[in-house]
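Chains as they are written, first to last, in our numbering: chain A, 1433 to 1521; chain B, 3 to 605; chain C, 5 to 347.
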Amino acid sequence: MSPWEKVKDAVMDALDVETFLVCSSEDEAVRAMRALMDAMGLGAADIVFLEMAGPGARVRARAYVHRPGDRYGWLGGEADGEAGNPGSA
Amino acid sequence: MGKRVILVPLDPVHDIGLKMIGRALSERGHETRLLQPDLSCEEIVGEISRYRCDYALVGRTLGYGVEEMLARLADLADAAGLRPKVKMVVGGMAIKPELAAELGYDAGFGPNTPVEEVVAYVEGRPYDPRGGVPPRSKPSLTRGYTYRFRNSEVEALLSGIVEEVVCWASGVTSPGVERARIRSRMFESRREGEGEEGLAREYERLCEPVVAESCRGAGVPKARAVTPSEKERLERRLLGRTKGETQLRHGRDKPLVFVQYGTGCPLMDVAHVEVAESWGADGVVHFDPSWAARREGLFRGLLAHEEDGSLITEENLRLVKSGLGDPTLWQVRAHRGLNTAETVVLAGECGADLTKINIAYGSLGGGTDPERLAADGVEAMRQAARYGMPFDVVTNEELCGVPAHKAFAGMLITAAVGIRLGGLPVLQPLFCRSPQVMLEGFMADNYVDFNAAKVLALRQILDAPIWPGAPIGFLTHTPDRVQASVTTALHACLASSLGVDAISISSADEAYSGGPISAASRVDTLRAVREGLRFFGRAGIEPTDRARLWASDIVEGIVSVLRDVARGGSFVGALYEGLLGSREEGAYPGRVGRGTVKKVRAG
Amino acid sequence: MRRVAGRGQAAVAVGIAGTAKNTGKTTSLRALMDECGRRGWGVCVTGIGFDGEDLDNVTRLPKPRIPCRDGVLVATALDCLGAGDAEVAVEHETGIETALGRVCVGTVRRAGFVVIAGPNKSSDLSRLLRTIRARPEPPAVILVDGAFGRIAPMGVCDGLFIATGAARNPVIGPLATETRSMVKVFDIPKVGPRTGGGDDIEVRGVASPAALHRLAETLGPGLSGRSVIVSSPTCLLASGDPPAIEEAMERISSLGGSLRVRRRPALLGVTVNPFFPVRLSEGRYETGRVDEDELLSAFRMRIGRPVWDVVAEGAAGMADAVESLASGMGGCSLEGEDGGFVE
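Structure follows, in structure tokens:
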């Protein structure tokens, strides 16, 4: 189990990554941020906020570790197999 | 007995904490001595020994190798044979009890430790973070209000309108009204240990098929049942933890701060509620999905789904309630759909403190047929009065484009009906940048005046609690969490300055539509509000003269609308005709539940 | 050595004192606990700091945790009992207060990790040792985990291991020299029957090198034939730099005087750790290491006490040293002599 796998269960819901990217356009910032999130293994990330000015962009991206209705890792214990996935109940 | 305390700063820059502690100790009659900051460990031990003190309080400094130095100081004091008599305490950056234990100290205090806590330690008594104030009890929003009208013309107009509404409502019923009454009887049967089955069948006949099936255990489309194991693990992991006593206000008792939850999943709701309470929220508001409000009947079961708003079921509500701290106020909204009346019953039975009802908004902006919501709303207010549960009357039709004075007229009619039925309404003007505000340029200069005008106007009319919402700063938020937190905090400070009773605040995710609201974003705004209220304390924000002028305009507007409603002779008719918000203004009488209101057969 | 100390026989208290953080105190403690377990000795474990957490309180580097078998006696603060995963049946609370609550004594009922925060000053440690020894069936060994480079509380133990290594100083030469100086401090003879007379000089409390130099300065040849009495080697070492202490000792002896201690724990040996944390920036560290063979051979050549790398060699040698200390203490009761700390 990677350190990430071990710790991500504790994330209540969303994981935000924010930074300042040096870039010359919003498109570039979006691409860079998506690539960054991908590289961090946070695949389906969304850009929550992006503001471009001067040397680059203030940007915040988000990946959800637990969405409402998921099986939450932070509940601890073994996952039970009692109920189906969302939509099947 | 006074203690002798030596204060040991390790550098001259970071000794303010020690000085504050020194002053507090002196004021309490202890003898203190502040050492100069540049002594060696040996010299410090020499001073401790000479001074014959009971306590040595060492202020940790920043820098590399400081832990080793602190450890050596403790060791030297030990080797010098001082430790049995002198308690050594370390305080400052990154100090935790674990580190104090490791460094050889008797106690350790972190950088945000209240001075009083250190004083209590020196005096050998337990620290009471509330300073002797009894534990927070559940506050009341309505206590002290007389519900007397201050504007006699409005009072006279409303009195006529209210009689008409109550009289009309006594002659009609609807599936929603019936279900509320059956629910109520079901709870009574349960209390008396009698079976509910017969009533349950009767209830199901008044529900849509999909709801009736859920009541018989068939599950709900797009939702899943929370498993007993999940519930059990939630109780083990989260419930019963201490939430602390974070206080958002500073020097004032008002406003109480409410946070809306409704993640779609009751487990996540409990988690978010615990976060909100831990960061100082006074109350939480159950936000339900709009699609469920358009169905006849309430679903059954512990249900989660992946959409905004958490389903109102008895099981969901009871789970959330089980996680609430004793002083936390809990509101379950009933205001806008086909289940308004029975939601009030359920909320009352599940221990909610507050509910939300508004006939005008629910039928003009909430999609429910005006006649139907008038019938159900009156029943809802009767039930709320029965449970002694105050309800706020929200004015969200402003967001559709209805001018404030019209929305307020609708709110006042609903509130007056509530008062007439023995209820405790709370007025809920919006603090928002509404379409009207944008069109008229009311906020071209500032966000203060028009919001202040609303509160001033309502105060000129009625002595009732005011709870701006919902959330404050509506339509001023952006997805930038700093901006969203700042605007929330500033609106909260305005509310505090105006002395209103409560506010509802959003999360910093208010303007983000790409996914569910995150727990972190709730912390952001609560933290910002705390900082804002700390900044202002009991100082205020001064609106310009325009606030007063606009307040008069609003009152005049309200009077004019109420005259029109009174003249028409029918509140329900007024809703259809657009007197309380027209189609041109963006208010559309709802269609859900149209034609379901029936006359009660005489006798 | 037996599971329990014999009638009238005191449980032998052995400390593991580090010279700095990350010198391998806990690793040595673990190895010795294992070995005690293998030999069937009853063990009580306590500590003068806070140990057993996953990450170091200062460097945030992973730390070895303290595993305990069934039946091991632990003395730790109340707040730590729930922190490990071992199940500990608390038998009694001592009146000893720490920053983490009152020290409790209990027996491990289900093996697992424990977090240890015991008495962190001499007077309290002394009191705990008395409490443990007063049990109807005292354990054979009481192991006392150290903290940082703190040594003063260890003065009340019967025996001592010093854990040192690259974390104290990554340059092997000076590290070995310093350790040899420490050994010399522990070799200072105890006050004999003839010393303690009118001519002798008693130094109370801390005896720093500076204080000893001042003494030499003042008395000069007047020191000749006289003993300078210090309460324990730990009172000398608490003031820091062992080579400076050695130098002061030499000065006194060059004037014809001699240092004596009232009591001293037996220095049973030295454990060495080649690893050291490298500070990258505020709050960020990584691990470095020095050449292990070079470290061991330098130490073995110069220390004059057994030297072990417990990771490579285990703790059989340490346990042998504990056993011979215990047998040296013989059947005689040590009660009333457990360090003799005067409160």
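Beta carbons are placed, not taken as given, at the ideal position from N, Cα and C, and that holds for glycine.
- Fully contained in the region 121-194 of chain C are the following alpha helix (DSSP H) runs of length 4 or more, in chain order: 126-137, 176-190.
- Close to B:Ala102, with beta-carbon spacing below 7 angstroms, are these residues of chain C in chain order: Ala103.
- Along the region 142-159 of chain C, the positions whose C-beta sits under 8 angstroms from a C-beta of chain B are Ala151, Phe152, Gly153, Arg154, Ile155, Ala156, Pro157, Gly159, read in chain order.
- Residue environment for C:Gly224: exposed (fewer than 16 other C-beta atoms within 10 angstroms of its C-beta).
- Annotation: C:Pro269 to C:Ser236 spans about 8 angstroms, alpha carbon to alpha carbon.
- Secondary structure in the region 32-58 of chain B: the beta strand (DSSP E) runs of 3 residues or longer, each lying completely within the stretch, are 33-36 in chain order.
- Fewer than three pairs of CB atoms, one per stretch, sit closer than 8 angstroms, so the region 432-444 of chain B makes no contact with the region 360-369 of chain B.
- Counting C-beta pairs with one atom in each stretch, the region 473-489 of chain B and the region 1476-1486 of chain A have three or more that are closer than 8 angstroms, which means they touch.
- Not a single CB atom of chain B sits nearer than 8 angstroms to the CB of C:Val189.
- By the Cβ neighbour-count rule, B:Asp503 is buried, with 16 or more other Cβ atoms within 10 Å of its own.
- Under DSSP, B:Gly325 forms no beta bridge with any residue.
- Proximity to C:Pro197 across C:Arg264, C:Arg154, C:Ser32, C:Ala248 peaks at C:Arg264, based on C-alpha coordinates.
- Between B:Arg85 and chain C, the shortest Cβ-Cβ separation is below 8 angstroms.
- Among the CB atoms of chain B, one or more fall inside 8 angstroms of the CB of C:Lys125.
- The C-beta of B:Cys267 comes closer than 8 angstroms to at least one C-beta of chain A.
- Note on geometry: alpha-carbon atoms of B:Gly353 and B:Gly390 lie some 11 angstroms from one another.
- Comparing alpha carbon positions, the residue from B:Arg461, B:Leu305, B:Ala497, B:Ile46 closest to B:Ala225 is B:Leu305.
- Sequence-distant Cβ neighbours of B:Asp465 in its own chain, meaning closer than 7 angstroms and more than five residues away, are Tyr147, Thr148, Tyr149, Arg150, Arg152.
- Non-local C-beta neighbours of C:Arg304 in its own chain, meaning closer than 6 angstroms and more than five positions away in sequence, comprise Val311, ordered along the chain.
- B:Glu344: member of the alpha helix (DSSP H) spanning 342-352, first to last residue.
- Only those residues of the region 36-47 of chain B whose C-beta falls short of 7 angstroms from the nearest C-beta of chain C are listed: Glu44, Val47.
- Assignment of C:Ala24 by DSSP, reduced to helix, strand and coil, places it in the coil class.
- At a cut-off of 8 angstroms between beta carbons, B:Glu317 makes no contact with chain A.
- With respect to the 8 angstroms criterion, C:Glu91 and C:Arg113 are classified as neighbours on the basis of their beta carbons.
- The Cβ atoms of B:Leu143 and B:Pro392 sit closer than 8 angstroms to each other.
- If you look at B:Gln485, you'll find it isn't in any beta strand (DSSP E); it sits in the alpha helix (DSSP H) that goes 483-500.
- Excluding five sequence positions before and after A:Pro1487, the CB atoms of its chain that fall closer than 7 angstroms to its own CB belong to Val1454, given in chain order.
- At a cut-off of 8 angstroms between beta-carbon atoms, A:Phe1481 makes contact with chain B.
- With contact defined as three or more Cβ pairs closer than 8 angstroms, the region 28-44 of chain C and the region 313-332 of chain C are in contact.
- Under the Cβ criterion of 8 angstroms, C:Cys239 is counted among the residues facing chain B.
- For a Cβ distance threshold of 7 angstroms, residue set Ala103 of chain B lies close to C:Ala121, ordered along the chain.
- Annotation: Cβ neighbours of C:Val210 in chain B (cutoff 8 angstroms, chain order): Glu44, Val47, Leu78, Ala81, Ala82.
- Going by DSSP, B:Arg548 is part of the alpha helix (DSSP H) stretching over 548-570.
- Put simply, the backbone Cα of B:Cys267 is about 11 angstroms away from that of A:Arg1503.
- Judged by DSSP secondary structure, B:Glu399 falls outside any beta strand (DSSP E) and instead within the alpha helix (DSSP H) spanning 399-402.
- With a threshold of 16 other beta carbon atoms within 10 Å, C:Asp295 falls short and is exposed.
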